[in-house]
Every structure is written in C-alpha cells, then in structure tokens.
Amino acid sequence: MGTVSVPMLGMDEQALSFLDGPHLGDGRAQEKILTYFELLKRSDDGWKLCITAFTCGKYNSDNARFFFLQVLESYLKQRYQTAGSEDQQIVREFLMTCLQMQASSVTKDKSFLKNKIAQLFSLAFLNDFPHRWPTYFSDLLQASSYGHVAIEMYLRILTAIDYDVVDREIIHSDHEADRNSNLKDAMREHCIHQLVDSWLQIMTTYQSSQPDIACLCLEVVGKFISWIDINLVANDQFVTALLTFLNSPQLRECTCDCIYEIISKGMEPVAKTKLIESFATVLNSAGVMCPNEDEEGDYMAKLAKLVNGMGQNLFSCYQKMLKTDINSALNCLQAIERKLPLVLRFLSHEDDDISEAVIGFAQDYIGLLKQSPNLTPRQREHIQQMLIIIINKLKYDETYNFDIEGEEEAMFQDYRKQVKIIFNNLAQLDSNMVLMTVHSVLSNMVSQWKTLEFWDVEMPIMLMYMLGEALPSSNQSFTSCKEKPSPLQEMMRLLVSSGVSCHKHSCVQLQVLETVVRYEKFFNTEPEYIPDVLMAFLDERGLRNKSPQVRSRAAYLFSRFVKVLKAHLQDYLEHILKQITDMLVLHSPENGCIQQLLSCDDQLFIYETVGILIVASNFPPERKRILIQKLLAPIVSKFETMLGKLCTEMNEENQENYACCINNAISFASRISKGFSNQQTMKQCGCVDSFTEALKIFLQGFKCPVQRQLIRSGVRQYLHRMVVCLEEEIFPFIPVILENLLQQPDAKELHDFIPLMTQLIMKFKKTISPFLREMFCPFVQTIYRVLSIPQDEYDQVTANEKRLLQKSYFQFLACIVSNNVHEVIQDQEAANFHQVLMTIVEGACNNPDPQIQKICFGILKRLIEVWCGENGLVGFEEFVYQSVVPACILTPMKPAFDLNDAQTVIALGESAQCLKCILDKRGDEVINYLQNEYFPKLQLSPDLTQQFCQAYVMDIKSFKHFLKTFFSSLKS
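Note that our numbering has the sequence shown beginning at 105, numbered continuously upward.
Laid out in structure tokens, this is it:
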C-alpha cells in the first residue's frame, strides 16, 4: 500500500512555518495558525490536503504533522458520518498507510502523534464498523504483521476505542450509549475471539524482547475484560501465561493490574467467588502470594492492591449471597478469612503505600464483623493483630519534617487519617479490647519515656486522644469516686503525673496539650492535677515553645482549657496574668523587628482568656474593673497613637500597617468582652464605663479619611460585642454611628452596617422603637440613593455590592416586622410609608433573586396579619387588593419565575402563605373580589377561576401544590 493519491492543492507555507521555532509563542503567529486551521476545517477538501501533506514526506516537523491530523480529526467528528464511499475509502487508506509508515520506520513519531493516529482510527471505527468497514479488525491484525511498532499502534488503537466506547468515567448521551452498546455487540459477534487470540500471542511473543508492548497488551486486556466473555481470558492457556509474566520483573506489575481487572468484572456472586478463588489457588501454588520481604516496593504495592481487590469483591459477593444462598455465603466468608494473614502482612509493611493498598479490605472486614452477633476466636485474634499493626503504623517516621511539612508529610497525614478510621471502627467493634490495649501501651510508655524516641512517645498519647472520637462516651466516664477510676481516668492520671509533657520534642508537647483539653472534664473530678497542666501551657512546652506552630495552637487550646475550668482557676489567676503579660503587647510598626511570641490572631485567644479569667474570678467588682481597665488602657492608647499617625501618613504601605494595628487593637478589646455572660454581666462587674469610654475613642476611626473599610470593620465588630454586653447604655452611640455612616456611604458599608441594626432590634425590640422612628427614614433614603447611583455596566464588584445591599435592606424590614416594631414603618409620613410598601411589592414582583422574593412575601404576610382586619390600619386593605394580590398572582406568571428552581418554589410557597393570610383576614370578600373583579380583568376563564377559588380554601399544603401546577400550566 503506497501513499494516498490526492491532488496537491498547495499549502500555506508561511502559516506552517509558524508551528515551529521562535514564532511558536508569538500571538500574531498563533492567530495566523488558528485562522488557517479554521479555513482548512471549513474547506471541502482541506482534510484531503492535510492527508497528502502528512504522507508526502515533505513535512517532518512534529507540530506540522500534528496540525494535519487535527484537521482530519475535525472532519471525522463533524462530517465523516455522511461521507460518500470514495471519501470513506480515502480515509481508510490513509489510516492503513499511517500504520505502514510507522512499521517501516519512515518516521519515528512521538507518543502524542501515535495517540492522535490511534484516536483517528477510533473515530473511523465509531462511524464505519461493522457496516462500512466490516474488515476493520482483520485489517488491523493483518497490518500488525509489519512488526512490533505496528503492534504497538494496534494496541494504542484498542485503547482509544475503549476510551470512546467503554470508559465509564466518560459521560455519554443516550444516543452515544446506544451506539456503544451496538458496537460492543458487533465486536462480540464478529471479532472478539480473534482479538483475544492476538493478545495472548502478542504477550507471549514479546514478553522478553519487547516488555513494554507486552505491558501495553496487558492493559488492553484489563480494559476489555469488563464486557467480554470471562471464559475467553479465565482459561488454562491465559492464566498460565499470566503466571509466567508474574516471574518477570518488567511484567509483573502490569500483570497484577490485569488480574485485578479480571476479578473485578461484574458477575453473579457464586461465579465471581469461584473465579477469585481459582486465581487465589494458582497464585498460591506459584508462590506469588508469599513474596519475599525484600521485594521491590512498587510490585508489593500492586500485589497488595490485587489482594485488596480480591477481598473487596468477595465482601460484595458475601452480602449478595446472604440474601439468597447461606451455604455459598459461608464458603465466601471462609475465602475472606483465608486472605486475612496476607492482608495483615501487607498492612504491617513498613512502606505506607503497600499498607495503604489493603486498608479497604481491613475496613470491610471490620464492617463484616460488626454484623456478626458473636466473634469466633479466630476472628478475635485477627482484629487484635490488626489493632497492634495500626497502632505501630501511626508512628511518625524519624525523617518527618515538623517545621516545613512538604508532600511526604502531607501523604503521611492522609495515610494516618485512614488508619484512624480503622482504629475508630475497631473501637466500635470491641471497645473493651481497644481501651485495654491503649491503656497498656500508654502505661509502658510513661514508665520509660525519657529513654524513648519521640515517635514512640507521641503515638500512645495520640491513641489516647483518638479514644475521644472512637468512644465518645469515654469523655463522660470520669468519676469523683477515686477508688474506682475508669480506664481513661487512670490514663489521664498517668499522662499528667508522668512528666511526659517535658519531652524535648515539640510534637509530644503539643499532643499532651491536645489530649488534656480533649478530656478537660477529668479536671473537674480531680482538680489537683491542674497546676501541672497550667505550667505546661505557660512555659516552653506551650505558649513559649520554640515552635511557632505549637505556640499558635497552644494559645487556642489554653483558651478552651480556661473557658471550661475557670471555676477551678481562681487560685492561679495572679500567676497566669503575670506569666502572659508580655504576650499582651500589641504588634505595631514601631515595634520594628522585635520577635513576637504570638501572631495577632493568636493574641486574640490570649485576650479572650484573660477576659474570662478576670470576669469569672472571685474578685469584687471594683477589682475586676481595675484589671479590665488595665487591659484596655494600652489598647486604647495604641489606637489613638496609630490613628494620629495614619491620618497624616502619605506612604500607602505605612498606612496599611497603621490600619492593621488599629484594627487589631479594636479586635483585642472586642475579645476581652467575651468574658462577660448572662451570669456575669458587664454591669455587674462594674465595667460598663471602661468599655463605653473605649467606644467613644474607637468611633473616632470613622473620621479617618484613609483605610476606611478596615477601620470601620473593626469598629463594627466592637459595636456588635457592645450590643451583646450592654443594655440601654449603647443607645446614645447609635446616632453618632449613623451620622458618620450617612456621610459619603457606599453600598458595602451600608450592607455591613445593617446586621448591627437587626441585632439591636432583636435584642431591644419595643425599647428601641423611639430611636428607630427617628433614624428609619434617613437610613432607608440613604439606601435608596446609593442603590440608584449609576454604575459602569462592566463593574461587577459594585453590582454585587448593590445586590447584597438590596437583600440586606429587605432583611432589615423583615427584622422590624417579625420583632413587632412595625409601628416604626407605620409612623412615617404618608409618602415615605407608601414608598417603603412599594419597595416591598417591587422586591416580591421583579427582583431576580428568589430569596429576596421570599423575604418580601414574608414581610407582606406579616403586615397583613397586623394591619389587615378589624381595628387594622386605615387604607391598608386597599393596598392589599391593589398591590399585594396582583403581586401574588402575576409574579409566578412571569417568564423569569422558574418553577423548576428549588428557591423559586420556596418563594412561591411564601406567596401562597400571603394569599392564605388575606383569606383568613377578609374571608369571602377576597374570593368574591377574585371571581368578579380581578380574574375577569385578567381574562382568566371561568373554569380556571373556579379551580383557583376551590383550591384557595383548602389547607396550605394542598394550596401550595395547586399553585405550582396552576402556574406551570398557564405558562406552558
């Protein structure tokens, strides 16, 4: 077969020259290439031109040849299906010529070119087999006689066909799925036996001379086995060959993968169990299942994966057999049990990749035993062995880098998480065994920790920590009866009294802190152990650790420890405050390069901890006030200093540094306030003046012309805390805040401020009504004004900020009506009152966000409940009929109201609630209005009107269902 004969039409040599060399990254060159590519795709004969160019021998550049193949690929995908026999013959001859060119070594193409040719073969197969090219596979097999390069191409083509026809990870349309099913049926009928024979011949022929080809062939077998007759492969001839390949270092990994795919084939459970056990038998007989410990790790990982696959497939068979065939299920269970020794061997392997490969088997086995009412002695022995193995596998490696955790460390942490899951499941299976084992391991460690390496010390403490997740009830097992302590209580005594927290390695120190905080309830029953733990937190083992990561974590853990045990810490308060005084120094630009123990985020926990300790102390209020004032004074002073510098600073970087310091100062003050509670209020502790004086100073931040967003964010945070901690003392500050806010506001600032208003309303309700009446109109008018400011159509940031503000506005109104301070709206001037109502109707009708529509219908419903009925608001009934009823009826009929969207359906439900509320208040009056006035005006048929009114009086659930159907039919 020679070069395809197609008349040479001429190529754009300049465009092709851009495919290589210095022009390749040039934008204009790429544009020229793409333009030429599109021209060839659209041209009737462009693909023929590319075929001739590919085969003529003139163009040897890889990029140019790939370019030609891409043009042909486009033709095969878009137009080839309807091609005439002449064009189909040209494509066929070209593809076979490619095989001949590969075999004759005219070209030595790279893998990406070979794969593209294979893809073209697959595209032709999709269109031509079996009707237009019935000899497709026989032609391929004949061409494979050209030599090993052609055979490699044959296998690449089969791989490409698998990708297009079989690969389950590819999402196919229904049409493609039917096509693929028909193609597989045709292959089963016409050629699959030939293909399987060719695979066996290829593998046995090239196992020594060309192992790469034999491996590629094994991959093909693994891909095709899922849909061909299992007997074509699971026979003496094929299995013998596979066993031979397992003795070849070059082939054994691919052979393991191939056998894995064979045993994973979908089959009836009895037949699959038989298949798996037949493979297990021959592999055992050949010594494959008992590899030497010094075998190469990659092969051992593949073998472990194979054993895991055997087990998991047997588990699946067992579950199915339990429902139909108990005897077969018992045989299957025995088969699973026979694999356990090998699984445990792999699980304990020092290479985590090998161990990880059988974790699925281990988890399934434990899951299976959980379903058993009683464990056999053999099963109990298995799980005891498994527990000891995973305990040892939890140990850190001596090479683990705790300072800079890279990829290796991340992989170990992922592996450790999987091992923890096994531990948890074992604990659920046999809690007593796990508890006693951990107790034993910990006891052995604490008696000799000074002579052990860090990984042997950290692991038992980690096990003890893990018990809290594995056995949640264990944290409730601490008893004040010290003569009969629980196992966990004994472990806590050992841990705290052993001094193991003094181990020199930071990971041990941190794990001790993590564990004592997890079991802080222990200290409620045995508080005498608190001093030792406190010292660990406060010295070089915790907050002063050499590791920044440990110091950071210790700051958080200490806050938790104090929060829970504050009642037991009274005697240590002065000592704690003295120890952490230097950690309360604010970071600021003027500190220069002074090394700080804790980051600003970590300091937040320290300030909160100190606040909790002071508030919970037995000190009289005056002493508490002095201590709190002592904490706040440097914060406020630093705020004033930094604010003064910020307002005069011209350098942007310095401005940002000053603003961050200001924000941190406010945040620290906010966190101190978290020490107060309903039992120990700010007023009871005499600290109101301290925090309100600080607030007066913080509010000066509103006047700063630079770094507005960051500073105002800090002030808002502080205000939220003050609303929680103060009572009416907060009221005088709100007008000041609002006054500053309304000067040159933007959408984001208003949006961020509204949650503060809703917090005030929810806490103070009627008490805040007078203030709300005064500020309501200026506030909402400011919102309207900001929303109406024109914006660039491409400015998506501003558009999103306005959408958020609009939503916040409606949430603000919803908060007012749901907290029964609706008189705030009612008492506005008539024009403003009407404007607010119309914005709610507008939001319900025309806002594209269904969540806003839901909020608006909810507001309308609440207003109807309050203002529509006897002694209701004069004139509101007219508004209901003129605006609310049309909103409920017309909005669902709009094209943008998508009744297939879940959020929109919720909004429709709120609309239904609104209509039902009108019915509750007005009764037959609203039904008469709909029947005689409104629906006739909409030209709704009497039949549909009657259906609506009949559904209207049904229960709300039925009415909602009716509305969805009703409006769907009207819109169809």
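For every residue, glycine included, the Cβ atom is placed at its ideal position computed from N, Cα and C. Values in this document were obtained by computation on a predicted structure and should not be read as measured data.
Q | residue 519 versus residue 456 - alpha carbon distance | A | The straight-line gap from Cα to Cα measures roughly 7 Å.
(Q) Is it the case that the segment 293-307 contacts the segment 266-279, given that we only count it when at least three CB pairs across the two stretches are under 8 Å? (A) Note that the segment 266-279 does not touch the segment 293-307; fewer than 3 beta-carbon pairs, one per stretch, sit closer than 8 Å.
**Q.** Through-space distance from residue 921 to residue 980, alpha-carbon basis
**A.** A direct Cα-Cα distance of roughly 15 Å separates residue 980 from residue 921.
Q) Between 840, 812, 730 and 744, which lies nearest to residue 790 when the distance is taken from Cα to Cα? A) Closest in C-alpha terms to residue 790, from the list 840, 812, 730 and 744, comes 730.
Q | Test item: CB-CB of residue 334 and residue 379 under 8 Å | A | Inclusion of residue 334 and residue 379 in the CB contact set at 8 Å is warranted, their separation being smaller than that value.
Q: Could you tell me the distance, in whole angstroms, from the CA atom of residue 874 to the CA atom of residue 590?
A: One C-alpha to the other measures close to 60 Å.
Q | Neighbour-count burial assignment, residue 406, 16 or more Cβ in a 10 Å radius | A | In the assembly as shown, residue 406 is a buried residue. Its beta-carbon has 16 or more other beta-carbons within 10 Å.
Q) So residue 742 packs on residue 769, CB below 8 Å; how close in whole Å? A) For a cut-off of 8 Å, the C-beta gap from residue 742 to residue 769 is around 5 Å, short enough to register as a contact.
Q | Residue from 389, 584, 645 and 876 with nearest C-alpha to residue 923 | A | Per the Cα distances, 876.
Q. In angstroms, rounded to a whole number, what distance separates the CA positions of residue 584 and residue 626?
A. Cα to Cα, the separation comes out at about 9 Å.
Q | Three-state class that DSSP yields for residue 80 in the structure shown | A | The structure shown does not extend to residue 80, since the chain is modelled only from 105 to 1076, so the question has no answer here.
(Q) Extract the residue ranges of the alpha helix (DSSP H) inside the segment 897-944, only unbroken runs of 4 or more that lie entirely within it. (A) Every alpha helix (DSSP H) stretch that sits fully inside the segment 897-944 and reaches 4 residues is listed by chain position as 900-922 and 927-930.
(Q) Taking the beta carbon of residue 433 as the centre, do at least 16 other beta carbons fall within 10 Å, making it buried, or is it exposed? (A) Buried: at least 16 other Cβ atoms inside 10 Å.
**Q.** Bounding residues of the alpha helix (DSSP H) (the contiguous stretch that carries residue 258)
**A.** For residue 258, the enclosing alpha helix (DSSP H) starts and ends at 252-269.
Q) Going by the CB atoms, is the gap between residue 862 and residue 915 shorter than 8 Å? A) A Cβ-Cβ contact shorter than 8 Å links residue 915 with residue 862.
Q | Contact set for residue 226: own chain, Cβ-Cβ below 6 Å, skip 5 residues either direction | A | Same-chain partners within the cutoff: 264, 265 and 268.
Q.
Would you call the segment 776-796 in contact with the segment 823-832, where contact means no fewer than 3 C-beta pairs closer than 8 Å?
A. Verdict: yes, contact present.
Q) residue 121 to residue 420, Cα distance in whole Å? A) Those two C-alpha atoms are separated by around 58 Å.
Q: Quick one: using the 10 Å Cβ neighbour count with 16 as the cut-off for buried, is residue 655 buried or exposed?
A: Burial call: buried.
Q: Count the C-beta pairs between the segment 605-625 and the segment 560-579 that are closer than 8 Å, then say yes if the count reaches three, no if not.
A: In this structure the segment 605-625 lies against the segment 560-579, because at least three pairs of beta carbons, one per stretch, are closer than 8 Å.
**Q.** Pairwise C-alpha distance: residue 155 and residue 111
**A.** Its pLDDT being 38, under 50, residue 111 is placed unreliably in this model, and the coordinates cannot settle the point.
Q: Locate the alpha helix (DSSP H) running through residue 595, then write down its first and last residues.
A: For residue 595, the enclosing alpha helix (DSSP H) has its first and last residue at 591-601.
Q: With a 10 Å radius around its C-beta and 16 neighbouring C-beta atoms as the bar for buried, classify residue 160 as buried or exposed.
A: Counting Cβ neighbours within 10 Å, residue 160 comes out exposed, since fewer than 16 surround it.
Q: Please list, in chain order, all residues of the same chain as residue 971 whose beta carbon is under 6 Å from its beta carbon, the five residues on each side excluded.
A: Answer for residue 971: 977 and 980, listed in chain order.
Q: Following the continuous alpha helix (DSSP H) through residue 656, name the residue where it begins and the one where it ends.
A: Its alpha helix (DSSP H) spans residues 652-669.
Q: Figure out for me which residue from 662, 777, 157 and 131 has the closest Cα to the Cα of residue 117.
A: Distance check between residue 117 and each of 662, 777, 157 and 131 places 157 closest, using alpha-carbon atoms only.
Q) Are there 16 or more other CB atoms within 10 angstroms of the CB of residue 373, so buried, or fewer, so exposed? A) In summary, residue 373 is buried, with 16 or more beta-carbon neighbours lying within 10 Å of its beta-carbon over all protein chains present.
(Q) Please return the same chain residues whose Cβ sits closer than 7 Å to the Cβ of residue 179, not counting the five positions on each side in sequence. (A) The answer, listed in chain order, is 151.
Q) How long is the line joining the alpha carbons of residue 513 and residue 215, rounded to whole angstroms? A) Going by the C-alpha atoms only, they are around 34 Å apart.
Q. Among 228, 771 and 206, which residue has its Cα nearest to the Cα of residue 218?
A. The option with the nearest alpha carbon to residue 218 is 206.
**Q.** Chain-order list of residues whose beta-carbon lies under 7 Å from that of residue 1071 (same chain, five-residue window excluded)
**A.** Counting only residues of its own chain and dropping the five nearest sequence neighbours on each side, residue 1071 has a CB closer than 7 Å to the CB of 996, 997 and 1003.
Q.
I'd like to know whether the C-beta atoms of residue 466 and residue 531 end up nearer to each other than 8 Å.
A. Cβ distance not < 8 Å, so residue 466 and residue 531 don't count as in contact.
Q: Would you list, in sequence order, the uninterrupted alpha helix (DSSP H) runs of no fewer than 4 residues that lie entirely inside the segment 963-1001?
A: Taking only runs of at least 4 residues, the alpha helix (DSSP H) segments lying wholly in the segment 963-1001 are 980-983 and 989-994.
Q | Among 701, 1075, 672 and 632, nearest to residue 651 - alpha-carbon criterion | A | Here the closest residue by C-alpha is 701.
Q. Around the Cβ of residue 697, are there at least 16 other Cβ atoms within 10 angstroms (buried) or fewer (exposed)?
A. With a pLDDT of 48 at residue 697, under the threshold of 50, the modelled position of that residue is not reliable, and the figure given next carries that caveat. Counting every other CB atom within 10 Å of its CB across the protein chains shown gives residue 697 a total below 16, marking it as exposed.
Q: Taking residue 426 as part of the alpha helix (DSSP H), name the residues at either end of that continuous run.
A: Element bounds for residue 426: 401-428.
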